[in-house]
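**Student:**
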Amino acid sequence: MLLESSYVTMFYYITLIPLMIKSHKDLAHFETAYVVKLHSVARLAPSQPVFSFTHPNYSTKKSNQRYKKFQFEVPNDTGSALVHGFAGYFDATLYKDVHLGIEPSTATPNMFSWFPVFIPLRTPVCIRPGSPLEAHLWRCCGSTKVWYEWCVTSPAASPIHNSNGRSYWVGL
1 MLLESSYVTM
11 FYYITLIPLM
21 IKSHKDLAHF
31 ETAYVVKLHS
41 VARLAPSQPV
51 FSFTHPNYST
61 KKSNQRYKKF
71 QFEVPNDTGS
81 ALVHGFAGYF
91 DATLYKDVHL
101 GIEPSTATPN
111 MFSWFPVFIP
121 LRTPVCIRPG
131 SPLEAHLWRC
141 CGSTKVWYEW
151 CVTSPAASPI
161 HNSNGRSYWV
171 GL
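Everything in the sequence shown is counted per the UniProt record's numbering, starting at 1 for the first residue and increasing by one.
If you want it as C-alpha cells, here you go:
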C-alpha cells in the first residue's frame, strides 16, 4: 500500500528594505529567486496557495508545469504600501498527520534549516488601500531545467521576469 504525501506552496506579497539587490543594476539580480531569512518585512495580506503536488502522481498527464493568477488586496486600514516582491513558503504533509512547513501561521516549531524564497520585482509597485494587486506566476519545465516566470498586471503591468529562464533556473 502506497501512502500519499503532498506539499503546497504559498505566497504573500511583501514590502521590505531590499538591501541585497539594491546595489545591483543588472537584470539578472531582479530575475532571480533568493532563498533568504526575511527580516524587516511586512506581509501585506494573507497568504494564498500557489501550487500543490501529490506523491505518488498517478495521472497520465505528468506535467510539472504550473500557472497561478493571484489577486491580493491591501486592507483599507493599512495605508498605501510599496510592494518589492513576493515571499514564498511551503507546507508539506509527509505522512498522515506529520507536517513540515515554514508558512508563518502554521510553521513547524524550531525549524531553522528552511527559509522562504524572495521573488523580487524590477520596479516596486505602489498599492493604495482597497486596491488589488494582480500578479501571475508560472513554473516552467524544459528537458534539462525548471524555472519560474512572474509579472504584475495590476495596478500597472510589469514585464515578465525571467522569461525562458534567462537569469535563473534549476538544473534537472
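Backbone N, C-alpha and C fix where the C-beta goes; we use that ideal spot for every residue, glycine too. Note that the coordinates shown come from a computational prediction; the quantities given were computed from them, not determined experimentally.
What span of residues does the beta strand (DSSP E) with residue 112 cover, start to end?
**Tutor:** Run containing residue 112: none; DSSP gives neither H nor E here.
**Student:** Look up residue 68 in the DSSP assignment and give the residues it is bridged to.
**Tutor:** For residue 68, which the question treats as bridged, DSSP gives the partners 137.
**Student:** With 16 as the cutoff for other CB atoms within 10 Å, does residue 120 come out buried or exposed?
**Tutor:** Per the 10 Å Cβ criterion, buried.
**Student:** Name the two residues that bound the continuous beta strand (DSSP E) containing residue 82.
**Tutor:** Taken as a continuous stretch (DSSP letters only), the beta strand (DSSP E) holding residue 82 covers 81-95.
**Student:** Is DSSP giving residue 163 helix, strand or coil here?
**Tutor:** It is helical.
**Student:** Return the first residue and the last residue of the beta strand (DSSP E) that residue 38 is part of.
**Tutor:** Residue 38 -> no beta strand (DSSP E), and no H or E assigned at all.
**Student:** Under the criterion of a Cβ to heavy atom distance below 7 Å, does residue 87 qualify as lining the ligand FAD?
**Tutor:** Annotation note on the ligand FAD: not contained in the displayed structure, which lists no ligands.
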